[in-house]
Amino acid sequence: MGTIHELSDDWRKSIHMYTLWSNLALEDLRDRYRRTVLGLMWIVASFALFVLVKVLVFGQLTAASRAEFGVYVTVGFGLWAFINSMVMDACTAYMHARPWILATSTPHPVFLLQAVFRNWMVFAMTMLVMALALYWKPAPWSIRAWSVLPALAMLFLTSIWLAAILAPLCVRYRDLHHTVQTGMRLIFFATPILWMPTQRGSLALIAKYNPISHFIAIVRDPLMYDRIPMGSWAVVLAFNAAGMALGVAVYAATRRRVAHWI
Amino acid sequence: MSMYLRAEGIGIEFPVTTLEKGHSVAASVEQLGGRIHLRRGKSYVRALDEVSLDLDRGDRLALVGHNGSGKSTLLRVLAGIYHPDSGVVHRSGTVSGIFNMSLGFRQEATGYRNLVLKGLIAGRTRAEIDAALPEIAEFTGLGPYLDMPLHTYSQGMAMRLAFAATTAFSNDILVMDEWIGAGDANFQEKIIGRMTDFLHASTIVVLASHSTRLLRRIANKALWLEHGRIRRYGGMEVIDEYEDEVLNTKLPSGLRELIAGNTGLWLHAADGAPAGRQLLWNLPGTVGDLQLRVSSPDASGNRIVRSIVRRCGAWPLAPWVRPGMHFEIVDLADQATVAELVLEEGH
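Chains A and B are the protein sequences, given in the same order. Going by the numbering used here, the residue at position 159 of the first sequence is 202; the numbering climbs one at a time, nothing skipped. Going by the numbering used here, the residue at position 296 of the second sequence is 563; the numbering climbs one at a time, nothing skipped.
Right, dumping it as structure tokens:
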């Protein structure tokens, strides 16, 4: 089919242009911290401070030990910060590339990969803080900790299809961007980051029906508690399968129209 | 390798969402842009309709037409930015589009960094860019400024950087939209020099411009678009025809017929005509910018009456005009007199 051929052609070309999107992403980050003394280290510093204050304040409200809660919040919030910023940047990936899209025939996935790469660079820096926090983790290390690697791979796949779905739809329906933004703010409270699902039955229920908590669990649980949450893995795999299919469909349906809508 | 750029039966329409039903805007838009039609309760503007063209190595196509006639849309279709609803474009290679030279410049990054990014977006590798940088840097004449962030540049300096980067990283087939811009006189000369090189190097060019003078210098083919359709497609005579029509619609009727009925430069002493006595001219076959000048026997030197005039036009005699004055129309390119007239006694 013509469309599928065009689609794979777009992505193949875009992946090949890795020097371009990695440099554009790097430049985005440099712009953000240009002329600062700390530079990109601001990402690490602000994240560490933010988590520290959260632990000090919300640690008073929980029954868990200060050490356990500290690791729990650091890892959970690091993952949340990445997911939240990835979702928001997926919405604006095409909008920010408007002048490029209107003036060059650069395949559009370049701008999606730019957003994905930028977020993973930031995520990689916050992971430094997360790794440090694991020093206080409650359970011992075991081979199960390695399951964090496929879990991160799942998150990576998720960022790609999120961008492929949200970027064109947000260009077409401008309200969607604000809807997603508001929605993410609400979902934060429904995600087990500052509270633990074990605290109360109703909280466990909220966590169960919030897909984002499963994306967090597949990374956090093996690192902290030395267990692989099979239920969460099932949810994540199902979401990725559906997300990939939807991503392909949305990209194929919109690729010819994005330049008109933008 | 053969080089070509072909378009077959290109049609494209845009949904118009802002137009309300029965709104009077629709009627006025129609005269300028593409045709608007209704389908299933929605308005669409047909920006291009059955446009075909065929260009081979060495062809330089001039696109002319009124505002909204579809020139920019056609350029974007040729460059692969817009996907047509009907028809196909065949290209032998990547088409570079030059729509906005400052595209993608980052104010906070240095001049050098911006050059690298421009090269990357044009599909060059880092090695190719690094090899080209010294020459580009020299062409910009920006010297140490290239190591400073772009926001420290003046507008003219940013323009130099943009032009240098754009021309250095363009492909063999390129489409351009109204691109000759600012820059000081010194740099303008450099631009024209560079442009000639640049056009030799790039073998197929499609250029849209309102400056027929520029188009005549560059093009060997011309396409006249009207309401998204081809009105004429052929050699440079198309530009003449287009220009004639533009000139004609600009002149008031009555005068138009008077001018078309004669050639050269002459005095029209109309009795009862509203405009009174006028100097008229119609100079078919002249190209380039013309100037209307006057010199009088009792004063030395020329005086410019109109700094730029078209091939045909009219000038109502001013009160200071005296018999014996010598009017001439000069071609600015070579300062040659194209037509002249001495006012006689009794006029």
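Note that the Cβ used here is the ideal one computed from N, Cα and C, for glycine as well.
Endpoints, beta strand (DSSP E) assigned at residue i
{"i": "L272 (chain B)", "result": "271-283"}
{"i": "V355 (chain B)", "result": "353-358"}
{"i": "V80 (chain A)", "result": "Segment: none, V80 (chain A) is in no beta strand (DSSP E) and carries neither H nor E."}
{"i": "Q558 (chain B)", "result": "557-562"}
{"i": "H535 (chain B)", "result": "531-536"}
{"i": "V576 (chain B)", "result": "570-576"}
Min CB distance residue i to chain A below 8 Å
{"i": "L342 (chain B)", "result": "no"}
{"i": "N616 (chain B)", "result": "A question about residue 616 (chain B) goes unanswered here, because the residues of chain B that appear run from 268 up to 614."}
{"i": "H350 (chain B)", "result": "yes"}
{"i": "A376 (chain B)", "result": "yes"}
{"i": "F281 (chain B)", "result": "yes"}
{"i": "A432 (chain B)", "result": "no"}
{"i": "R373 (chain B)", "result": "yes"}
{"i": "L362 (chain B)", "result": "The sequence given here has Val at residue 362 (chain B), not Leu. Yes, because at least one Cβ of chain A sits closer than 8 Å to the Cβ of V362 (chain B)."}
{"i": "S339 (chain B)", "result": "no"}
{"i": "L546 (chain B)", "result": "no"}
{"i": "G634 (chain B)", "result": "The structure shown has nothing for residue 634 (chain B), since chain B only spans 268 to 614."}
{"i": "R302 (chain B)", "result": "no"}
{"i": "V296 (chain B)", "result": "Unreliable placement is indicated for V296 (chain B), whose pLDDT of 47 sits below 50; the coordinate value is still reported in the next sentence. Taking Cβ atoms only, chain A never reaches closer than 8 Å to V296 (chain B), which makes this a no."}
C-beta neighbour in chain B for residue i, strict 8 Å
{"i": "I58 (chain A)", "result": "no"}
{"i": "P254 (chain A)", "result": "no"}
{"i": "S148 (chain A)", "result": "yes"}
{"i": "P142 (chain A)", "result": "yes"}
{"i": "L156 (chain A)", "result": "no"}
{"i": "T62 (chain A)", "result": "yes"}
CA-to-CA distance, residue j to residue i, given in whole angstroms
{"i": "R380 (chain B)", "j": "S336 (chain B)", "result": "38 Å"}
{"i": "Y61 (chain A)", "j": "F160 (chain A)", "result": "10 Å"}
{"i": "Y268 (chain A)", "j": "L248 (chain A)", "result": "20 Å"}
{"i": "S190 (chain A)", "j": "I203 (chain A)", "result": "21 Å"}
{"i": "Q558 (chain B)", "j": "L382 (chain B)", "result": "41 Å"}
{"i": "G450 (chain B)", "j": "T553 (chain B)", "result": "Note that G450 (chain B) has pLDDT 45, beneath the 50 cutoff, so the model's placement of it is unreliable and no number is given."}
{"i": "R273 (chain B)", "j": "P142 (chain A)", "result": "26 Å"}
{"i": "K288 (chain B)", "j": "C579 (chain B)", "result": "Any reading at K288 (chain B) needs caution, since the residue's pLDDT is 49, under 50, leaving its predicted position unreliable; the model's value is listed next. Cα to Cα, the separation comes out at about 42 Å."}
{"i": "L370 (chain B)", "j": "A207 (chain A)", "result": "24 Å"}
{"i": "H290 (chain B)", "j": "S339 (chain B)", "result": "Because H290 (chain B) sits at a pLDDT of 49, beneath the cut-off of 50, its placement in the model cannot be relied upon, and the following sentence gives the value as read from the coordinates. Cα to Cα, the separation comes out at about 26 Å."}
{"i": "D414 (chain B)", "j": "I403 (chain B)", "result": "14 Å"}
{"i": "A429 (chain B)", "j": "P416 (chain B)", "result": "14 Å"}
{"i": "G102 (chain A)", "j": "S108 (chain A)", "result": "8 Å"}
{"i": "S269 (chain B)", "j": "S353 (chain B)", "result": "25 Å"}
{"i": "S363 (chain B)", "j": "I144 (chain A)", "result": "13 Å"}
{"i": "A294 (chain B)", "j": "H257 (chain A)", "result": "In this prediction, A294 (chain B) has a pLDDT of 45, which is less than 50 and means its spatial position is unreliable; nothing more can be read from the coordinates."}
{"i": "I236 (chain A)", "j": "N127 (chain A)", "result": "13 Å"}
Residue i beta carbon near the ligand MN (any heavy atom closer than 7 Å)
{"i": "M415 (chain B)", "result": "The ligand MN is absent from the structure shown, which contains no ligand whatsoever."}
Residue interval of the alpha helix (DSSP H) (run including residue i)
{"i": "A247 (chain A)", "result": "244-252"}
{"i": "M164 (chain A)", "result": "152-176"}
{"i": "F366 (chain B)", "result": "Where F366 (chain B) is concerned, there is no enclosing alpha helix (DSSP H), given that its DSSP letter is neither H nor E."}
{"i": "I306 (chain A)", "result": "What the structure shows of chain A is the stretch from 44 to 305, and residue 306 (chain A) is not part of that stretch, so it cannot be assessed."}
{"i": "E402 (chain B)", "result": "393-407"}
{"i": "Y294 (chain A)", "result": "273-297"}
{"i": "A489 (chain B)", "result": "Note, A489 (chain B): premise wrong, no alpha helix (DSSP H); beta strand (DSSP E) at 488-493."}
Outcome for residue i when other beta-carbon atoms lying within 10 angstroms are tallied against a minimum of 16
{"i": "D218 (chain A)", "result": "exposed"}
{"i": "G521 (chain B)", "result": "exposed"}
{"i": "L289 (chain A)", "result": "exposed"}
{"i": "E111 (chain A)", "result": "buried"}
{"i": "N487 (chain B)", "result": "exposed"}
{"i": "Q422 (chain B)", "result": "exposed"}
{"i": "P551 (chain B)", "result": "exposed"}
{"i": "E504 (chain B)", "result": "exposed"}
{"i": "Q602 (chain B)", "result": "exposed"}
{"i": "W491 (chain B)", "result": "buried"}
{"i": "N162 (chain A)", "result": "buried"}
{"i": "V100 (chain A)", "result": "exposed"}
{"i": "D264 (chain A)", "result": "buried"}
{"i": "P181 (chain A)", "result": "exposed"}
Identity of the residue in the options nearest residue i by Cα
{"i": "G568 (chain B)", "options": "B:R307, B:I575, B:E595, B:G531", "result": "B:E595"}
{"i": "V312 (chain B)", "options": "B:H494, B:M270, B:V355", "result": "B:H494"}
{"i": "I279 (chain B)", "options": "B:Y271, B:M270, B:R302, B:S269", "result": "B:R302"}
{"i": "L171 (chain A)", "options": "A:L229, A:L72, A:V114, A:N253", "result": "A:V114"}
{"i": "R589 (chain B)", "options": "B:W582, B:A606, B:V561, B:L417", "result": "B:V561"}
{"i": "M168 (chain A)", "options": "A:N283, A:R187, A:G121", "result": "A:G121"}
{"i": "S437 (chain B)", "options": "B:Y420, B:I471, B:F406", "result": "B:I471"}
{"i": "P401 (chain B)", "options": "B:R498, B:Q374, B:A432", "result": "B:A432"}
{"i": "I305 (chain A)", "options": "A:R228, A:V214, A:W276", "result": "A:V214"}
{"i": "A196 (chain A)", "options": "A:R243, A:N253, A:M173, A:W276", "result": "A:W276"}
{"i": "A536 (chain B)", "options": "B:W587, B:V442, B:A581, B:Y420", "result": "B:A581"}
{"i": "M287 (chain A)", "options": "A:Q157, A:T201, A:D52", "result": "A:T201"}
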